[in-house]
Structure formats: C-alpha cells, structure tokens
Amino acid sequence: EARPHDHMFLFPHEFWDFPSWRRVVGSSVIFAVEGRPIESPISLRHCLTCFDQRKDVIVPGHTDAWSIAQFRRHYRPFAHREFGVCFHGAFRHDLYARTNAGFPFLVSAQETRRQIQSLVGAPGTSFGMHLRPLENYADRMGNCRFCLVPKGVGYTNGRLLESFFTGCIPVILSDAMMLPFVEIVDWPALSVKWRQDDVVGAVEFLLQVGGAAAAVAHDKLLAAACWFDWHSANSTCSPYQGLLLAMKRRR
C-alpha cells in the first residue's frame, strides 16, 4: 500500500486524464501546468479543489527552443515598440464556451475573447486572428508593449510564457489562473492582472500607462525569463531550479 507522497505525477495540460487520477491525487505530489484541471472531457468542468498548494507545484509549460529563438530574434527595444496592446489568436472555439468552473468563476473564455474581437481596429492596438508563420507572430509580439493572455480551454496557456521571450508585458485575463513559481517570481511587478469580463477597461487602462512604469515591468520580465526556459544553461536560474526550490519549501 502506498504511503502519502510515494508517487509523483506530471500533468502537462489542462486535462488530468488518466483513469485513476482521483484515487491517487490526494496521496501524491502533483506537478501541473494547470492548477484548475478539467475533470473530464464529458463534464468539461474545472476542478477548483484538486490542486493542493501545500504539496503540489505549478510548473511552467514547455516552449520549444526554436520558438524561443524566433521570439528573441524579433525582439525590439521597449521604447521603440509601435503597438500598445496586442492579441493574435482564436476568437471562437466550442470548448471556450463549454468549459466551466462554477461560482465564483462564471465568465467563459468565449465571452472574454468576444470582447477582444470587438476591439479589432482600435487605435494603438493590434488584435486579430493567428499570424502565420511563427516569424510573423513573433515579429508582432516583439513590437508590442502589453500582450493579452486570455483564458482558453484551460485557465493557463502558452501566451504567458511567450511574453518572457518577446518582452511583451503579459496582461492576465483569466480569473482562476494559478501562476508558476510564485515563491520566486514577483508576478505583480512584471505583469498585469485584470478581470476577464472587462477587456475594454483593461485596454483603456493599458493605453494610458506611462512609459517609465511599463519599462520597469518590461526589464523585470526579461530578468525572470530564465525561470521559464527549459533550455536555460543558467545553473542558478531555470525551471529545474525553480522546481527544486518549490519542493524544498514544501518539505
């Protein structure tokens, strides 16, 4: 019979989808990209109690080395960026409307993205569908000061990690997102958190943020990038080091 914390499991996406996970999750250490997992592909309901912060760890998702190189190649100095606020991605998906968490997280990803779509063409912004190929997307994100990170199927998505490599300050529009390495990374200093039902208010605010204040956040964002680069050669700053530090704090 297994003793508490005899097992470790890694869940790299929003579904914790092996059949017996509910039986073992309480007595195991969970490494998860998504702390509010979708319980089943049938109910599409986010579980708000499955992740236990006393023993489990949120880890950053993986961004491949080639994509990181593209993002960094298209980086522009912050003061020279043309766009204030950007988002390029999907506006509609069946799962955006169907995934749900219940009270108090009642706003769907579909509603948040509908609000973003309503702002297409707004001055000082760049909103639209996916830009292909990746070089075009990297070029646009590297030319923006703030990048929206709305809820998708899960509360967490890869846009958050991209921001560290593009230098585009992430604006989190995902009410129940659980952030990685909160013991190490000063998230309030390098990101913006805003209610996901108020995209218009967020964009209006961001377009008025002073350049000096935003530049400070930008510099802190770049300084923290090594914690999210699984290919980092920095022996003191990498996701592996972050994971070890997080585990030590939970012993």
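Basically the numbering used here = 1-based index in the sequence shown + 190. Ideal placement from N, C-alpha and C gives every residue a C-beta, glycine not left out. All values derive from a computational prediction rather than experimental measurement.
Next item on the list: Would you tell me roughly how many angstroms separate the C-alpha atoms of His197 and Lys438, rounded to the nearest one?
Entry: 16 Å
Margin query: Output needed for Lys444: all residues of its chain with C-beta closer than 7 Å, excluding positions within five of it in sequence on either side, in chain order.
Written below: Any question about residue 444 goes unanswered here, given that the chain covers just 191 to 441.
Item checked: Counterpart residues of Lys383 in DSSP-defined beta bridges -> Ile362
Next item on the list: Rounded to whole angstroms, what's the CA-CA distance from His320 to Phe261? Just pull it up for me.
Entry: 15 Å
Notebook entry, point to check: From Gly344 to Tyr265, what distance separates their C-alpha atoms?
Noted result: Cα to Cα, the separation comes out at about 28 Å.
Checklist line | Euclidean distance between Cα positions of Leu350 and Val339 | finding: 6 Å
Note to self: My assumption, with CB atoms under 8 Å, is that Phe418 sits in contact with Phe354. Please give the rounded CB distance.
What the structure shows: 5 Å
Check: Which runs of the alpha helix (DSSP H) fall wholly inside the region 297-382 and span at least 4 residues, in chain order?
Finding: Along the length of the region 297-382, whole alpha helix (DSSP H) runs at least 4 residues long occupy 299-307, 324-331, 349-356, 377-380, reported in chain order.
Next item on the list: Inspect the CB distances between the region 244-255 and the region 305-317 and report whether three or more fall short of 8 Å.
Entry: no
Next item on the list: Please state if the CB of Gly274 and the CB of Leu397 are separated by a distance shorter than 9 Å.
Entry: yes
Notebook entry, point to check: Roughly how many angstroms lie between the CA atoms of Ala413 and Ser428, to the nearest whole one?
Noted result: If you draw a straight line from the Cα of Ala413 to the Cα of Ser428, it is about 12 Å long.
Next item on the list: If I'm right that His408 touches Phe268 with Cβ under 8 Å, what's the distance once you round it to whole angstroms?
Entry: 5 Å
Margin query: Rounded to the nearest angstrom, what separates Gly279 and Glu325 at their Cα positions?
Written below: 14 Å
Note to self: For Gly348 and Glu224, what's the separation of their Cα atoms in angstroms?
What the structure shows: 11 Å
Notebook entry, point to check: How far does the alpha helix (DSSP H) with Ala415 in it reach, from first residue to last?
Noted result: DSSP places Ala415 outside any alpha helix (DSSP H), giving it a letter other than H or E.
Item checked: 7 Å CB neighbourhood of Trp377 in its chain, flanking five on each side removed -> Leu369
Next item on the list: Please name the residue or residues paired with Gly427 in a DSSP beta bridge.
Entry: At residue 427 the sequence reads Cys, which differs from the Gly that was named. Answer is none; Cys427 lacks a bridge partner.
Note to self: With a threshold of 9 Å between beta carbons, is Ser316 in contact with chain D?
What the structure shows: Within the model displayed, chain D is absent; a lone protein chain is all it includes.
Note to self: Quick check: the Cα distance between Ala192 and Val393, rounded to an integer number of angstroms?
What the structure shows: Low confidence applies here, because Ala192 scores a pLDDT of 45, under 50, leaving its location unreliable; read the following figure in that light. Taking the straight line from one Cα to the other gives about 50 Å.
Item checked: Continuous beta strand (DSSP E) stretch holding Leu200: start and end -> 197-201
Note to self: Whole angstroms are fine: how far does the CA of Arg330 sit from the CA of Ala259?
What the structure shows: Distance between the alpha carbons of Ala259 and Arg330: 15 Å.
Checklist line | Val223 - DSSP class collapsed to helix/strand/coil | finding: coil
Notebook entry, point to check: Quick one: what's got a C-beta closer than 6 Å to Gly332's C-beta in the same chain, skipping five residues either side?
Noted result: His264, Tyr265, Arg266, Thr356
Next item on the list: Could you check the C-alpha separation between Val406 and Cys358 for me, to the nearest Å?
Entry: 12 Å
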